[in-house]
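Number of protein chains: 2
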Amino acid sequence: MNKKSNDSRATTIVDVAAAANVSKSTVSLVLQGSDLIPADTSERVREAAAKLGYVYNRRAAELRRKSSNAIGVVINDLRNPFFAEVLVGLEGKLVDAGYTVFMAHTNENLERQQKLLTAMREQGIAGIAMCPALGTPASLPKTVKSWGIPLVVMIRTLGVGSYDFSGADNSLGVRNATNHLISKGHQRIAFLGGVTGPVLQERLEGYKAALADNDIEFDSSLVLTSQPTREGGHAAMIHLLRAREMVKAAVCYNDLTAFGALSALGDQGLRAGADFALMGFDNVLDSAHSNPPLSTVDVKPETMGAEAASLLLKRIKNPDLKVQRYIQLPELVLRQSA
Amino acid sequence: MNKKSNDSRATTIVDVAAAANVSKSTVSLVLQGSDLIPADTSERVREAAAKLGYVYNRRAAELRRKSSNAIGVVINDLRNPFFAEVLVGLEGKLVDAGYTVFMAHTNENLERQQKLLTAMREQGIAGIAMCPALGTPASLPKTVKSWGIPLVVMIRTLGVGSYDFSGADNSLGVRNATNHLISKGHQRIAFLGGVTGPVLQERLEGYKAALADNDIEFDSSLVLTSQPTREGGHAAMIHLLRAREMVKAAVCYNDLTAFGALSALGDQGLRAGADFALMGFDNVLDSAHSNPPLSTVDVKPETMGAEAASLLLKRIKNPDLKVQRYIQLPELVLRQSA
DNA sequence: CTGAAAGCGCTTACAG
DNA sequence: CTGAAAGCGCTTACAG
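Protein chains in written order, with the numbering used here: chain F, 1 to 338; chain V, 339 to 676.
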């Protein structure tokens, strides 16, 4: 029973067919749940399959059928909880639709991303959902399309080409966050975090727009870029505190940098909410229980993931659909940090 | 060029062979980098392949060769940064070894886990690394082995069976953490977080062992279980503060619950380090920049992932190896919370 | 309702 | 060094 299970060839549909006394076509049909086969035959086949420990060979089936039930998702940064939440929403929807989803991680590495995409293509995947690594060429969607693979890009736009997209209104979100700070009486407001990419551009635009709304002059020395991590946010806040004592408010690139900033504030004996007004962006789960709880802009990460899944599913069903776009409307959630 | 790329059949090695004026065997050989083929022939074949936009059909190759270069990893909780870090270590090593890795997420759902495993089996995957969902039967490794698929289990043990494993010495870790608190003069020390599973058992054992080391009586009312999340940790700490005013120290199930506890402390105007001594467990990246920075026990999540990869790679290379086990030694890292 | 036959795109002995 | 042939495990018209 367990000595050597591989000294005999794997059992195939022809073994099952023999055992059930039917042809292999019949076995194939019952495996696919065809209603061409009467219940008793199908029953007999299933029993035989179970008895023999038959395992469906999906590779063979897909080779023949030229289709796949697998969807690939390529993600850029697993360590950022924001992306993890997007992923959860995406995956849930996809498996509900009967697909099996395979994720892979680029770690913001373009070369690795290229390899992953190629691997997925060779694998004959049914569709791809991706959040492109920083620096991804705008031509990528066109390339993937030319491969004949349905694609949805998430979170980070890729130029103005025509591709399905699920993301957030970053500009409006930061604009609202900044306006909230202004409405609290702040005039000198820093922007903390982010180093490059379309998302940073959009968020900075929102920041500037809010300033303009209120006739506050933009001061470039108030934008401190940093890696979009806790560490980066920590460093940026320390720097801000040293260089600009008078600044008592900041909007952050994302929640992660805000968490770092919270930590830096704490290091100096300061507390957001009381001594400093701080806004995050994303509303990751964590932000409800940071110290103190973070005021932020909610872009519903899981929803963005789920919507990306919907778009992809529709695209797979109908390749000729016109370009689809889901833009999440941001909502301010005010907790204690501002 | 882009009208309809799929009105013609995909180009295959026979097309390439025709274009390069060789047989398809030759094409196959050069694709595999065989040195049987002279450089000029191989050059000619590659050019033809490039010109025709040939894509390797891995499914067909694997079907014939009965092998795979894909490894599946099944993970239980993407939202916990600890697992994300394990994953990063695991994946990095696997892709360095030339495998393509497909991850999938169970969300602690046994049924989903079963489906994923089955899908991977049907896919003919080369190996599986998994962190089993809570409640996974101890028989699982034996089952997977009977499928002929190399397996390594991570983080959570699965009974005493013989299976490759990479995880941490949870008991020793918590014991050290608790002893540290005791050495600071604390006698009444709470244990916060965790709801079930082998990891909780081991960590509780360590907690009790430290108490015993110091002749402190175990008081079951001091262990407050909760979901291993920020929210859970927050609730547990609030509860502790209400019910047991005298308790000024706690060791947490993991960093995530500790972060929640930090937040709860902050809500009450308390600060870990000054007003309360708090220890985490894991040393996730986040813990260096929480507010305040967390004292915790470092079990090197990325290393555990990378070691899991090594074990799996060895197992694939040699199925008859005796059982392998990597147990990460915990190290106290003292920051500000205790 | 079921069977015989062809074929998906590769790889791998086996000749030469 | 290269070609002809068989076969991996399925699915899918096509007959009957």
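From the three backbone atoms N, C-alpha and C, an ideal C-beta is built for every residue, glycine too. A quick note: this is a predicted structure, and the numbers were derived from the prediction, not measured.
So residue 163 (chain F) contacts chain V; which residues on that side make the cut at Cβ distance below 9 Å?
What residue 163 (chain F) touches in chain V, judged by beta-carbon distance under 9 Å, is nothing: the nearest beta carbon there is about 14 Å away.
Which residue marks the beginning of the beta strand (DSSP E) containing residue 227 (chain F), and which one marks its end?
Looking at the DSSP string, residue 227 (chain F) is not in any beta strand (DSSP E), and its letter there is neither H nor E.
Does residue 207 (chain F) get closer than 8 Å to chain V when you measure Cβ to Cβ?
So, not an interface residue.
Just to confirm, is the Cβ distance from residue 129 (chain F) to residue 152 (chain F) under 8 Å?
Closer than 8 Å, so yes.
Under 9 Å, CB to CB, which of the residues in the stretch 221-237 of chain F have a partner in chain V?
Listed by position along the chain: 229, 230, 231, 233 and 234.
Could you please give the first and the last residue of the uninterrupted alpha helix (DSSP H) stretch that includes residue 542 (chain V)?
Here the alpha helix (DSSP H) through residue 542 (chain V) covers 536-551.
Using the beta-carbon of each residue, which ones in chain F are nearer than 8 Å to residue 598 (chain V)?
Chain order gives the chain F residues near residue 598 (chain V) as 289, where near means a beta carbon separation below 8 Å.
So residue 325 (chain F) is in the beta strand (DSSP E); what residue range does that whole segment cover?
Note, residue 325 (chain F): beta strand (DSSP E), 325-328.
For residue 78 (chain F), which option in V:423, V:415 and V:414 has the closest C-alpha, if you only look at C-alpha atoms?
The residue with the shortest Cα to Cα distance from residue 78 (chain F) is V:423.
Taking only the alpha-carbon atoms, compute the straight-line gap between residue 517 (chain V) and residue 119 (chain F) and give it to the nearest angstrom.
Linking residue 517 (chain V) to residue 119 (chain F) through their CA atoms gives a straight-line distance of about 50 Å.
Span of the alpha helix (DSSP H) around residue 518 (chain V):
508-521 is the span of the alpha helix (DSSP H), which, as asked, contains residue 518 (chain V).
Under 8 Å by beta carbon: chain F residues contacting residue 443 (chain V):
What residue 443 (chain V) touches in chain F: 87, 88, 91 and 103.
Straight-line CA distance for residue 82 (chain F) to residue 413 (chain V)?
So the alpha carbons of these two residues sit roughly 17 Å apart.
Roughly how many whole angstroms lie between the Cα atoms of residue 509 (chain V) and residue 96 (chain F)?
Approximately 39 Å, taken between the alpha carbons.
Is it the case that the Cβ atoms of residue 168 (chain F) and residue 37 (chain F) are separated by a distance below 8 Å?
Going by C-beta atoms, residue 168 (chain F) is not nearer than 8 Å to residue 37 (chain F).
With 8 Å as the threshold, decide whether the Cβ of residue 395 (chain V) is near any Cβ in chain F.
In terms of beta-carbon proximity, residue 395 (chain V) lines the interface with chain F, with at least one pair separated by less than 8 Å.
Taking only beta-carbon atoms, is residue 344 (chain V) less than 8 Å away from chain F?
Summary for residue 344 (chain V): the model assigns pLDDT 39, below 50, so the residue's position carries little reliability; its value from the coordinates is reported in the next sentence. Judged by the 8 Å Cβ criterion, residue 344 (chain V) is in contact with chain F.
Chain-order list of residues whose beta-carbon lies under 7 Å from that of residue 569 (chain V) (same chain, five-residue window excluded):
Residues of the same chain with a CB within less than 7 Å of the CB of residue 569 (chain V), apart from the 5 flanking positions on each side, are 598 in chain order.
What three-state label does DSSP hand residue 658 (chain V) in the structure shown?
Here DSSP, grouped into helix, strand and coil, assigns residue 658 (chain V) to coil.
So is residue 196 (chain F) buried or exposed if we call it buried at 16+ other beta carbons inside 10 Å?
Flag for residue 196 (chain F) reads exposed.
Any beta carbon of chain V sitting closer than 8 Å to that of residue 335 (chain F)?
Chain V, which has no Cβ nearer than 8 Å to the Cβ of residue 335 (chain F), makes this no.
Residues bridged to residue 298 (chain F) (per DSSP):
DSSP lists F:282 and F:331 as partners of residue 298 (chain F).
Candidates F:64, F:181, F:194 and F:200: closest to residue 210 (chain F) by CA position
When the alpha-carbon of residue 210 (chain F) is set against those of F:64, F:181, F:194 and F:200, the nearest one is in F:181.
Backbone CA spacing between residue 268 (chain F) and residue 237 (chain F) [nearest angstrom]
Separation of residue 268 (chain F) and residue 237 (chain F) (C-alpha to C-alpha, rounded to the nearest whole angstrom) is 10 Å.
Only counting runs of 4 or more residues, tell me where the alpha helix (DSSP H) segments fall wholly within the stretch 427-464 of chain V, in order along the chain.
Counting only runs of 4 or more, we get 448-461.
What are the start and end residues of the beta strand (DSSP E) that includes residue 482 (chain V)?
For residue 482 (chain V), there is no enclosing beta strand (DSSP E); the enclosing alpha helix (DSSP H) has its first and last residue at 478-484.
Residue range of the unbroken alpha helix (DSSP H) whose run includes residue 409 (chain V)
Here residue 409 (chain V) belongs to no alpha helix (DSSP H); instead the beta strand (DSSP E) covers 408-413.
Taking the beta strand (DSSP E) that residue 29 (chain F) falls in, what are its first and last residues?
Here residue 29 (chain F) belongs to no beta strand (DSSP E); instead the alpha helix (DSSP H) covers 24-31.
Who are the Cβ neighbours of residue 351 (chain V) in its own chain at under 8 Å, not counting the five residues just before and after it?
Excluding positions up to five away in sequence, the list reads 362, 365, 366, 369 and 392.
Consult DSSP for residue 533 (chain V) and reduce its assignment to one of helix, strand or coil.
Of the three classes helix, strand and coil, the one that applies to residue 533 (chain V) here is coil, per DSSP.
Where residue 314 (chain F) and residue 149 (chain F) are concerned, what is the direct C-alpha to C-alpha distance, given to the nearest angstrom?
Here the C-alpha atom of residue 314 (chain F) lies approximately 13 Å from the C-alpha atom of residue 149 (chain F).
Beta-ladder partner(s) of residue 466 (chain V), from DSSP
Residue 466 (chain V) is bridged to V:410 and V:489.
Measure the Cβ-Cβ separation of residue 299 (chain F) and residue 173 (chain F) and say whether it is below 8 Å.
Taking 8 Å as the Cβ cut-off, residue 299 (chain F) and residue 173 (chain F) qualify as a contacting pair.
Shortest alpha-carbon distance to residue 527 (chain V) belongs to which of V:590, V:601, V:484 and V:478?
When V:590, V:601, V:484 and V:478 are compared, the shortest CA-CA separation from residue 527 (chain V) is found for V:590.
Backbone CA spacing between residue 623 (chain V) and residue 286 (chain F) [nearest angstrom]
Approximately 14 Å between the Cα atoms of the pair.
According to DSSP, simplified to helix, strand and coil, what is residue 55 (chain F)?
Assignment of residue 55 (chain F) by DSSP, reduced to helix, strand and coil, places it in the coil class.
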